[in-house]
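The structure appears right after this line, and notes come after that.
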Amino acid sequence: MKTTGFKKCIVLSLTLILALTVGLTGCGGDSGGGQTTAPGDTLSGTLDIIGSNTVTPVSTRWAEEFMKLHKNVNITVAGPGSSAGIAALINKTTTFAQSSRPIKQSEIDQAKANGVTVVETKVALDALSIVVHPSNPVSTLTIEQLSDIYTGKVTNWNQVGGNNAPIVILSRDTNSGTYAYFLEEVVQKLIAGKQDKTLQFSTRAQLLPSTEVGITQVAQNANAIFYSGLGYVTSAVKTLTIKKTAESPAVAPTLVTAKDGSYPISRYLYYYTAGEPTGLTKAFIDYALSAAGQKIVEEEGFVALK
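Count the sequence shown with mature numbering (1 follows the signal peptide of the UniProt record, and there is no 0) and you get residues -27 to -1, 1 to 279, in order.
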């Protein structure tokens, strides 16, 4: 679990586009100090990556490293949310939609109607972590208890073994792929093998624009609870172990438990493109999936595919 990713990512505003450039003075060996293109490097052009706030730190690192290798490539990254990224792909205004949830069939249909054939690439894994204040005595919750908290059925920590204090429910906003994933996989808990689609977030849930804000608020509020991508978790908060059912073992969110599937709230992170990646687009995807690219995934606190 990473403790420095949060400090780095806090500068990433929800709507800020990170214009990532290379060739800074002093970095190269030519007389002007600029970085030179490697012999035989024919890659050039511009890539746009828009979407998930969760995936943004990894995409940013990939973009930085890729541009160091290819001087004539420019890449911009923005993290307004998975839904916004997919909408941009449908509207043909981005190269990649980065997403922390699978694309919906309705979005695929919208894309097709606009002449876009959506292609999915899994780029990383994540263990969606449930975080509370370090002083909170609760250490384990079941999926059912999480659902009861986030739907407002359970309102006091003493109902789940904690202090006599009201639960402050923090959530990502509705543009977030993490919000959609948590709604479907946790809030709408499985009953007899089927999701209970009638269950929705409590009106008491505070919707937040980014994961960074949620981590900050939990660190400052002894009664708060939030769900966060593993790469954003810091030592300022406490992660809970989660049980799939009351009889299941309690499992912590880690690289190992996400990869082996034992952690019950694990998920893939995605890139979506308009058609099969070719040329520069394929070169960037290939880099993201390479050993070097997947090493960056783990350096940012997420889970490599390999």
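Even for Gly, the Cβ is constructed at its ideal location relative to N, Cα and C.
**Study point:** For residue 282, three-class secondary structure by DSSP
**Key:** The shown model of the chain, from -27 to 279, leaves out residue 282, and the question about it has no answer.
Review point. Out of curiosity, what's the CA-to-CA distance linking alanine 261 and asparagine 64?
Key: What you label residue 261 is simply residue 288 of the sequence shown in a count that begins at 1. What you label residue 64 is simply residue 91 of the sequence shown in a count that begins at 1. Cα-Cα distance, rounded: 24 Å.
Review point. Should the segment 212 to 229 be called in touch with the segment 49 to 67, which here means at least 3 C-beta pairs below 8 Å?
Key: Taking 8 Å as the limit for Cβ pairs, the verdict is that the segment 49 to 67 does not touch the segment 212 to 229.
Practice item. Look at the alpha carbon of glycine 204 and the alpha carbon of histidine 43, and state the distance between them as a whole number of angstroms. Key: One-based indexing of the sequence shown puts residue 204 at position 231. One-based indexing of the sequence shown puts residue 43 at position 70. Approximately 27 Å between the Cα atoms of the pair.
Check your understanding: Under a Cβ-count criterion, where at least 16 other Cβ atoms within 10 Å of its own Cβ denotes burial, should glutamate 273 be classed as buried or exposed?
Key -> To locate residue 273, count along the sequence shown from 1; it is residue 300. It is buried - the Cβ of glutamate 273 has at least 16 other Cβ atoms within 10 Å.
Review point. Going along the chain, which residues of its own chain have a beta-carbon closer than 6 Å to the beta-carbon of alanine 265, five neighbours each way excluded?
Key: On the sequence shown, position 292 is the one that residue 265 refers to. The answer is none, since no qualifying residue turns up.
Point to revise | Contained alpha helix (DSSP H) runs [length at least 4] in the segment 29 to 68, N- to C-terminal order | key: 29 to 42, 55 to 63
Review point. What residue does the alpha helix (DSSP H) around glutamine 118 start on, and which one ends it?
Key: Residue mapping note: residue 118 aligns to position 145 of the sequence shown, counting from 1. Unbroken alpha helix (DSSP H) run through glutamine 118: 116 to 124.
Review point. Among Asn87, Gly187, Lys77, Thr251, which residue has its Cα nearest to the Cα of alanine 209?
Key: Position 236 of the sequence shown, counted from the first residue, corresponds to residue 209. Residue Gly187 is the option with its Cα nearest to alanine 209.
Check your understanding: Any C-beta of chain B sitting closer than 8 Å to the C-beta of valine 224?
Key -> Absent from the structure: chain B. Only one protein chain is present.
Review point. What are the residues that DSSP puts in a beta bridge with residue 280?
Key: Because the chain spans -27 through 279 in this model, residue 280 falls outside it and cannot be assessed.
Review point. Between glycine 134 and the rest of its own chain, which residues show a CB-CB distance below 8 Å, the 5 nearest in sequence each way excluded?
Key: Residue numbering aside, residue 134 sits at position 161 when the sequence shown is read from its first letter. Excluding sequence neighbours, glycine 134 sits near Pro110, Val111.
Point to revise | Coil, strand or helix - glutamine 71 by DSSP | key: Translated into positions along the sequence shown, residue 71 becomes position 98. In this structure, glutamine 71 counts as strand in the three-state DSSP scheme.
Point to revise | Per-residue DSSP class, three states only, for leucine 228 | key: Against the sequence shown, residue 228 aligns to sequence position 255. Assignment of leucine 228 by DSSP, reduced to helix, strand and coil, places it in the helix class.
Check your understanding: aspartate 121: buried (16+ other C-beta within 10 angstroms of its C-beta) or exposed?
Key -> Counting from 1 along the sequence shown, the entry for residue 121 is found at position 148. Counting Cβ neighbours within 10 Å, aspartate 121 comes out buried, since at least 16 surround it.
Review point. Whose CA, out of Glu157, Ala97, Thr227, lies closest to the CA of tyrosine 243?
Key: By one-based count along the sequence shown, residue 243 stands at place 270. The shortest CA-to-CA distance from tyrosine 243 to any of Glu157, Ala97, Thr227 is the one to Ala97.
Exercise for review: Identify the continuous beta strand (DSSP E) that holds valine 105 and give its terminal residues.
Suggested key: Residue numbering aside, residue 105 sits at position 132 when the sequence shown is read from its first letter. Run containing valine 105: 102 to 105, per the beta strand (DSSP E) assignment.
Check your understanding: What whole-angstrom Cβ distance do threonine 124 and serine 175 have, given they're in contact under 8 Å?
Key -> The residue labelled residue 124 in the question sits at position 151 within the sequence shown. The residue labelled residue 175 in the question sits at position 202 within the sequence shown. With a Cβ gap of about 6 Å, threonine 124 and serine 175 count as contacting.
Review point. If you count every other CB in all the chains shown that lies within 10 Å of the CB of valine 270, and 16 or more means buried, which is it?
Key: For the purposes of this step, residue 270 is taken as the residue at position 297 of the sequence shown. When all chains shown are included, valine 270 counts as buried.
Practice item. Could you tell me which of Phe275, Phe199, Leu163 sits nearest to glutamine 230, measuring between CA atoms? Key: As a first step, residue 230 is located in the sequence shown; it is residue number 257 there, counting from the start. Rather than glutamine, the amino acid found at residue 230 in this sequence is threonine. Comparing Cα positions, the closest option is Phe275.
Check your understanding: Smallest Cα separation from valine 141: which of Ile48, Ala195, Ile103, Ser79?
Key -> Along the sequence shown, one-based indexing puts residue 141 at 168. Considering only alpha carbons, the answer is Ala195.
Point to revise | Classification of glycine 24 by the beta-carbon crowding that lies within 10 angstroms, buried from 16 upward | key: For this step, residue 24 is matched to residue 51 along the sequence shown. With 16 or more other Cβ atoms within 10 Å, it is buried.
Exercise for review: Could you pull the start and end residues of the alpha helix (DSSP H) that aspartate 21 belongs to?
Suggested key: To locate residue 21, count along the sequence shown from 1; it is residue 48. Counting along the chain, aspartate 21 falls outside any alpha helix (DSSP H), though it belongs to the beta strand (DSSP E) covering 18 to 24.
Point to revise | Where alanine 86 falls, given that 16 or more other Cβ within 10 Å makes a residue buried | key: Position 113 of the sequence shown holds residue 86. Classification of alanine 86: exposed, given that the 10 Å Cβ count is below 16.
Practice item. Kindly indicate which three-state DSSP category aspartate 99 falls into: helix, strand or coil? Key: Along the sequence shown, read from residue 1 onward, the residue named residue 99 stands at position 126. Here aspartate 99 sits in strand by DSSP.
**Study point:** Beta-carbon contacts of isoleucine 48 that lie in its chain and below 7 Å, excluding the five residues immediately before and after
**Key:** To locate residue 48, count along the sequence shown from 1; it is residue 75. Excluding positions up to five away in sequence, the list reads Leu(-8), Leu20, Ile22, Ala36, Phe39, Met40.
Check your understanding: leucine 163 by DSSP, collapsed to three states: which one?
Key -> As a working note, residue 163 is residue 190 in the sequence shown. Leucine 163 falls in the strand class under three-state DSSP.
Exercise for review: Return the residue from the list Thr15, Gly52, Asp99 that minimises the CA-CA distance to threonine 29.
Suggested key: As a working note, residue 29 is residue 56 in the sequence shown. Cα-wise, what sits closest to threonine 29 is Gly52.
Practice item. Give the straight-line distance between the Cα atoms of glutamine 132 and valine 159, rounded to the nearest whole angstrom. Key: Along the sequence shown, one-based indexing puts residue 132 at 159. Along the sequence shown, one-based indexing puts residue 159 at 186. Each residue's Cα considered, the two are about 18 Å apart.
Check your understanding: On the three-state DSSP scale, how would you describe alanine 197?
Key -> Within the sequence shown, the letter at position 224 stands for residue 197. Three-state result, alanine 197: strand.
Practice item. For glutamate 185, count neighbouring Cβ atoms within 10 angstroms of its own Cβ and tell me buried if that reaches 16, exposed if not. Key: In the sequence shown, counting from the first residue as 1, residue 185 sits at position 212. Per the 10 Å Cβ criterion, buried.
Point to revise | Cβ neighbour criterion (16 or more within 10 Å) applied to serine 144 | key: The residue labelled residue 144 in the question sits at position 171 within the sequence shown. That one is buried.
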